[in-house]
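Asks: For the sequence shown, counting from 1, position 188 maps to 195 in our numbering; every step adds exactly one.
Cβ atoms here follow ideal geometry from the backbone N, Cα and C, with glycine treated the same way.
What follows is a single structure, and I will ask about it in a moment.
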Amino acid sequence: MNPAAALSHATQPDAAPLALVNGDVVLDEYVQSRGPWSAVVAAGDVLTIVDVEGNQAVDCLLYSANDVGTRYSAAVTIASQRSIFLTTGTVLRADSGTALMTVVDDEVGVHDTIGGACSQESNTLRYGHHTHDQHACVENFLIEGSKWGLGKPDLVSNINWFMNVPVDPDGALGIVDGLSAPGKRVALRAEMDTLVLVSNCPQINNPCNGFNPTPVRMIVTRPEASR
Ligand SMILES: [Zn+2]
Numbered sequence: 008m009n010p011a012a013a014l015s016h017a018t019q020p021d022a023a024p025l026a027l028v029n030g031d032v033v034l035d036e037y038v039q040s041r042g043p044w045s046a047v048v049a050a051g052d053v054l055t056i057v058d059v060e061g062n063q064a065v066d067c068l069l070y071s072a073n074d075v076g077t078r079y080s081a082a083v084t085i086a087s088q089r090s091i092f093l094t095t096g097t098v099l100r101a102d103s104g105t106a107l108m109t110v111v112d113d114e115v116g117v118h119d120t121i122g123g124a125c126s127q128e129s130n131t132l133r134y135g136h137h138t139h140d141q142h143a144c145v146e147n148f149l150i151e152g153s154k155w156g157l158g159k160p161d162l163v164s165n166i167n168w169f170m171n172v173p174v175d176p177d178g179a180l181g182i183v184d185g186l187s188a189p190g191k192r193v194a195l196r197a198e199m200d201t202l203v204l205v206s207n208c209p210q211i212n213n214p215c216n217g218f219n220p221t222p223v224r225m226i227v228t229r230p231e232a233s234r
């Protein structure tokens, strides 16, 4: 069942108060658990991502809507801000250094961009051959990306909103229980018309989704100043 449909209209909280940046609501959609999603966020608009039930990793790629060759670069974003973690103030940049989006508010404090996206192949390697047929983020990216003419060569290192990937002093990575909680939000302002491609991570073999993938909510607002 579509989780959005499962919620009666009467029980859905208004989108406007849930958005981290005030303005007219131009989009309000749920992404079903394990499912993909995409939309173009116009320059100046703000996308609030709501971790509705908590502990849900949201794998995300960004492209210039007018030139998908201009796409998110984890390496350039990390090098530019001299930190591996994403939070308020992070400018999400393309290879050229061009700003695609900026994190303007964040109720979690730490988001990952080095853990990558799960795939059927990586699941098999990490968790055993019996996981090969489990749906994974790379498959979501390919299904949703095909709507925009994107294929496997267009999938680059991604962002994992709400995912907790601490790095030990020796450089070891962990994918551990999330810092997020029900209703926590992060907000991204588009610096150009940006295609946002998302996989609501279906992973059930590590704690990134609390072993229970859940829906997230996408709310786009248009602040008064940019009208
Ligand atoms: Zn995943």
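Should residue 140 be labelled buried (16 or more other beta-carbon atoms within 10 Å of its own) or exposed?
Replies: Along the sequence shown, read from residue 1 onward, the residue named residue 140 stands at position 133. Under a 10 Å Cβ-count criterion, residue 140 is classified as exposed, with fewer than 16 other Cβ atoms of the shown protein chains found around its own Cβ.
Asks: Helix, strand or coil: which one does DSSP assign to residue 138?
Replies: Here residue 138 is taken as the residue at index 131 of the sequence shown, counted from 1. Residue 138: helix per DSSP, three-state reduction.
Asks: Drop a sphere of 10 angstroms on the beta-carbon of residue 157, count the other beta-carbons inside from all chains shown, and report buried for 16 or more, exposed for fewer.
Replies: Taking the sequence shown and counting its residues from 1, one reaches residue 157 at position 150. So residue 157 ends up on the buried side.
Asks: Taking the CB atoms as reference points, tell me whether residue 216 and residue 63 lie closer together than 7 angstroms.
Replies: Start at 1 with the first residue of the sequence shown, and residue 216 comes out as number 209. Start at 1 with the first residue of the sequence shown, and residue 63 comes out as number 56. Cβ atoms of residue 216 and residue 63: closer than 7 angstroms.
Asks: How would you call residue 218, buried or exposed, if buried means at least 16 neighbouring beta carbons within 10 angstroms?
Replies: Start at 1 with the first residue of the sequence shown, and residue 218 comes out as number 211. It is exposed - the Cβ of residue 218 has fewer than 16 other Cβ atoms within 10 Å.
Asks: Can you list every residue whose CB sits closer than 5 angstroms to some heavy atom of ligand 1, going in chain order?
Replies: 125, 144, 208 and 210
Asks: Using a Cβ-Cβ cutoff of less than 6 angstroms, which residues in the same chain neighbour residue 60 once the five nearest sequence positions on both sides are dropped?
Replies: Taking the first residue of the sequence shown as position 1, residue 60 is located at position 53. Result list for residue 60: 189 and 221, in chain order.
Asks: What three-state label does DSSP hand residue 181 in the structure shown?
Replies: To locate residue 181, count along the sequence shown from 1; it is residue 174. Coil at residue 181, not helix or strand.
Asks: How would you label residue 122, buried or exposed, when you count the other beta carbons within 10 angstroms and need 16 or more for buried?
Replies: Numbered from 1 along the sequence shown, position 115 holds the residue referred to as residue 122. Counting Cβ neighbours within 10 Å, residue 122 comes out buried, since at least 16 surround it.
Asks: With a Cβ-Cβ cutoff of 7 angstroms, do residue 153 and residue 43 count as a contact?
Replies: Counting from 1 along the sequence shown, the entry for residue 153 is found at position 146. Counting from 1 along the sequence shown, the entry for residue 43 is found at position 36. No, the Cβ-Cβ distance between residue 153 and residue 43 is not below 7 angstroms.
Asks: Would you list the residues sitting across from residue 171 in a DSSP beta bridge?
Replies: Position 164 of the sequence shown, counted from the first residue, corresponds to residue 171. According to DSSP, residue 171 shares a beta bridge with 183.
Asks: When you compare only the Cα positions, how much space is there between residue 26 and residue 69?
Replies: Against the sequence shown, residue 26 aligns to sequence position 19. Against the sequence shown, residue 69 aligns to sequence position 62. Approximately 20 angstroms, taken between the alpha carbons.
Asks: Rounded to whole angstroms, what's the CA-CA distance from residue 74 to residue 46? Just pull it up for me.
Replies: Position 67 of the sequence shown holds residue 74. Position 39 of the sequence shown holds residue 46. About 15 angstroms.
Asks: Go through its chain and collect everything with a Cβ distance to residue 144's Cβ below 6 angstroms, but skip five positions before and after it.
Replies: On the sequence shown, position 137 is the one that residue 144 refers to. Closer than 6 angstroms at Cβ, skipping near neighbours: 66, 124, 125, 206 and 208.
Asks: Taking the beta carbon of residue 71 as the centre, do at least 16 other beta carbons fall within 10 Å, making it buried, or is it exposed?
Replies: For this step, residue 71 is matched to residue 64 along the sequence shown. Under this definition residue 71 is a buried residue.
Asks: Please classify residue 35 as buried or exposed, where buried requires at least 16 neighbouring CB atoms within 10 angstroms.
Replies: As a working mapping, residue 35 is identified with position 28 in the sequence shown. That one is buried.
Asks: Over the uninterrupted beta strand (DSSP E) stretch that includes residue 47, give me the two end residues.
Replies: In the sequence shown, counting from the first residue as 1, residue 47 sits at position 40. Residue 47 -> beta strand (DSSP E) spans 43-48.
Asks: Kindly indicate which residue of 204, 175 and 183 has the alpha-carbon position closest to the one of residue 210.
Replies: Residue mapping note: residue 210 aligns to position 203 of the sequence shown, counting from 1. The candidate whose alpha carbon is nearest that of residue 210 is 183.
Asks: In terms of alpha-carbon separation, which member of 82, 55 and 48 lies closest to residue 226?
Replies: By one-based count along the sequence shown, residue 226 stands at place 219. It is 55.
Asks: Hey, quick one: how far does the beta strand (DSSP E) through residue 207 stretch, first residue to last?
Replies: Start at 1 with the first residue of the sequence shown, and residue 207 comes out as number 200. Here the beta strand (DSSP E) through residue 207 covers 201-207.
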